[in-house]
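Report on one structure; see the data block that follows.
In this note's numbering, the protein residues as written are 637 to 1037.
Structural data, given as structure tokens:
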């Protein structure tokens, strides 16, 4: 499927050009107080009605209440779809004219195009709007009716101070689950002289290579090996508890090795999460032992313990959820555009600094602390055990492990 089949995810613009907190191309339920707009299983030419039943996804009538907003070529003008059909004024231009279902996607050149075009009015920060139809310039209104009654139009725009203002307020409730993921990379560690670097040396193993009784050189092979545990801990100043999966890609300080860490759970603000990795370290070499000599071969490991370093990094945050094609067909578990990701971050009170956007992601600066206890290096050393032998320092230096 090509991208142009999808309804783009954009913030809906209200009549005065203000960005709202609802998005095109994702599913919503539309309600007024305790009643939901429902297509009631009707076809082309039937009317929308109210129901107090909030159908869950497993209910066979669930899709009768699932609406999606689609932008048009005119800024601030939208079509509203349900079950592949369209909300349509049907040409009604009197008070209490009804809201109809149309199976036709009227083009801009069609004489009935304006019957399917809607503008959003809002006087608050909530997701409640007044909906005006372009064809008759009337507003959707409940007329104070209840269960099974039909949705109608009223000719005048009600202000917040008007008695029946609430009858024209339509709430858009997200009707889908989404999952936010983050890839955090471009780590910049703040290394300074204040960083306490406690470096510890440890002996892995020792072997005695004895050639005292021989006048011939011999070659001795040895293999030092031990399993050690490295511990890496990350914490973030900003809460990432709403993130479903987080991947960290970073160069480990002082050893220059890139590692990836995958977390299937969330980072709460300033709460450390530790990964412990067991790894086998070995030194395997062959050593030439001169005649009449005895050499000790020693395997060492250096590691840091309880290192603590602040960092800055870039988080690329993406979202997966339900979105729609332009014909009203649902796309399950699709990548969602950046406007939606930005809205989700806002709704979750994300405190990181937004530094950029890509088509399906938001880039944010995050800060935190890295802590670790891990191996820096392994190496070998040779020592002459026979003080009377002819092995000199220069020879020992040339006996590479």
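The C-beta atom is built at its ideal place from N, Cα and C for all residues, glycine as well.
Only a predicted model underlies this, so the values are computations on that prediction, with no experimental measurement involved.
Exposed or buried, residue i, counting other C-beta atoms within 10 Å across all chains shown (16 or more means buried)?
i: residue 717; result: buried
i: residue 804; result: buried
i: residue 854; result: exposed
i: residue 689; result: exposed
i: residue 1027; result: Bear in mind that a pLDDT of 45 at residue 1027, under 50, signals an unreliable position, so the number given afterwards is only what the model happens to contain. The residue in question, residue 1027, is buried, as its Cβ has 16 or more Cβ neighbours within 10 Å.
i: residue 638; result: Here residue 638 scores only 48 on pLDDT, less than 50, and its place in the model should not be relied on; the value that follows carries that caveat. With fewer than 16 other Cβ atoms within 10 Å, it is exposed.
i: residue 813; result: exposed
i: residue 687; result: buried
i: residue 826; result: exposed
i: residue 910; result: exposed
i: residue 1029; result: Residue placement at residue 1029 cannot be trusted, given a pLDDT of 40 that sits under 50; the coordinates are not used to answer.
i: residue 1033; result: Low per-residue confidence applies at residue 1033: pLDDT is 43, beneath 50, and the placement is therefore not dependable, though the value from the model is reported in the following sentence. That one is exposed.
i: residue 782; result: exposed
i: residue 844; result: exposed
i: residue 929; result: buried
i: residue 811; result: buried
i: residue 692; result: exposed
Roughly how far, in whole angstroms, is the beta-carbon of residue i from the beta-carbon of residue j, given that I think they are within contact range, below 8 Å?
i: residue 1005; j: residue 875; result: With a Cβ gap of about 15 Å, residue 1005 and residue 875 do not count as contacting.
i: residue 818; j: residue 885; result: With a Cβ gap of about 11 Å, residue 818 and residue 885 do not count as contacting.
i: residue 668; j: residue 778; result: 5 Å
i: residue 1013; j: residue 940; result: With a Cβ gap of about 11 Å, residue 1013 and residue 940 do not count as contacting.
i: residue 1019; j: residue 888; result: The pair is not a contact, with the Cβ atoms about 31 Å apart (cut-off 8 Å).
Between which two residues does the beta strand (DSSP E) containing residue i stretch?
i: residue 976; result: Here residue 976 belongs to no beta strand (DSSP E); instead the alpha helix (DSSP H) covers 974 to 983.
i: residue 936; result: 929 to 960
i: residue 989; result: 989 to 994
i: residue 1020; result: 997 to 1020
i: residue 769; result: 764 to 769
i: residue 657; result: 655 to 659
i: residue 969; result: 966 to 971
i: residue 753; result: From DSSP, residue 753 is part of no beta strand (DSSP E); its letter is neither H nor E.
- Query: If you pair each beta-carbon of the stretch 906 to 924 with each one of the stretch 847 to 865, do three or more pairs fall below 8 Å?
  - Reply: yes
- Any chance you could list the beta strand (DSSP E) runs of at least 3 consecutive residues sitting entirely within the stretch 661 to 747, in chain order? 663 to 668, 671 to 674, 685 to 687, 703 to 707, 714 to 718, 721 to 724 and 736 to 738
- Item | Entirely enclosed alpha helix (DSSP H) segments - the stretch 871 to 907, minimum 4 residues | none
- the stretch 713 to 728 contacting the stretch 747 to 767, beta-carbon criterion three pairs below 8 Å: yes
- Segment contact, 8 Å Cβ cut-off, at least three pairs: the stretch 900 to 916 with the stretch 841 to 852: no
- Message: My parser needs the beta strand (DSSP E) runs of 3 or more residues fully inside the stretch 778 to 839; what are they?
- Response: Fully enclosed beta strand (DSSP E) runs of 3 or longer: 788 to 790, 806 to 810 and 814 to 825.
- Item | Segment contact flag, the stretch 892 to 899 with the stretch 969 to 983, C-beta cutoff 8 Å, min 3 pairs | no
- Pair every Cβ in the stretch 740 to 749 with every Cβ in the stretch 776 to 790, then say whether three or more of these pairs are closer than 8 Å. no
- Query: Is it true that the stretch 936 to 953 meets the stretch 989 to 1006, where meeting means three or more beta-carbon pairs spaced less than 8 Å apart?
  - Reply: yes
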